[in-house]
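One structure is given below, encoded as C-alpha cells.
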Amino acid sequence: MATTTAQPEPPQRPPQNNPLIDNVAMVFAVGTPLIMLMPPRKMDLRFFALAATFSLSTNHLCKSYTGQSIYGRFNSRVSSVFDDSLPEGARRTQQLLREHREREAAKKGLPQPGQDSSSNIIKDIWMGGEKDDWKEKRAEEHQKSFEEGKGMSDIIMEQIADVFSGNWGSTKKSPDADSTKPDESDKGKK
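Under our numbering, think of the first position of the sequence shown as 1152, with each following residue one higher.
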C-alpha cells in the first residue's frame, strides 16, 4: 500500500523581484554615498540627486528583503503616534455612557447634555462677549472714522491702543482717562 505523507509548506516569501534591479539598487546604495564624499563636497543639485537615489535604492532593497519598505514603516509609526482615535471598546463604552446620559436627561425633562449650555458657553468665549450685531456696529464706526478723515491704519492703531490700555470693551473713551490734562499735584512741582 502506498501512503502519502503531508509535507509542510515552505514559509511565504515576498514575491521575487528581478535580480538585476536588486543588484543595481545594491550598487547605488553603496556607490551614491561614496560619490557624495568625492570633491566638490557641497549641497547642490548633484548632492540632492545622489541622496534621492540612495534613499530610493535602500528603500527598494529593504522592501525586497523584508516585504515592507522604509517609507511604509515610517508612515505606520508616525500615524500610530498621531492617531488620536480611541480603541473600539472605549468608543463603545463612550457611546453607551452618552446614550445613558441622554436617557436620564429625557426622564428628568432637562435639555440633553452638551447641546444648549456648552454651545452657548463656547459661543460666548469665541465672540468675547460681543452681541450678534457687532459687524454692523464695527462698520458704522469705520464709516464714521473715514468721514472724519482717518485712514485704515489710524483705525487699526486706535484699536491696538485700546487693547493695550484695557479699553477694548468700551467703544468711547471717557474724558477722565485723558492723560494730557495736568494733575493738581503737578502744578506745585514746577
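Think of the CB as a built atom: it goes at the ideal place given N, C-alpha and C, for glycine as much as any other residue. Keep in mind the model is a prediction, meaning the values are calculated, not measured.
Distance check for L1248 and E1255, CA to CA, integer angstroms please.
11 Å
Spatial neighbours of T1183 in its chain, beta-carbon cut-off 6 Å, leaving aside the 5 residues before and after
L1201, T1204, F1205
Can you give me the Cβ contacts of M1177 inside the same chain, cut-off strictly under 8 Å, excluding the 5 residues immediately before and after it?
S1208, L1212
Check Q1310 in the structure and name its three-state DSSP category.
It is helical.
In the DSSP assignment, the alpha helix (DSSP H) including L1237 goes from what residue to what residue?
Note, L1237: premise wrong, no alpha helix (DSSP H); not H, not E.
Compute the Euclidean distance between the alpha carbons of E1299 and R1252, then round it to the nearest angstrom.
57 Å
Is the beta carbon of S1316 closer than 9 Å to that of I1306?
no
Taking buried to mean at least 16 other C-beta atoms within 10 Å of its own C-beta, is F1225 buried or exposed?
Looking at its Cβ environment, which holds fewer than 16 other Cβ atoms inside 10 Å, F1225 is exposed.
Taking 7 Å as the limit between beta carbons, can you name the residues of its chain near G1240, skipping five residues before and five after?
none
First and last residue of the uninterrupted alpha helix (DSSP H) at R1197:
1196-1217
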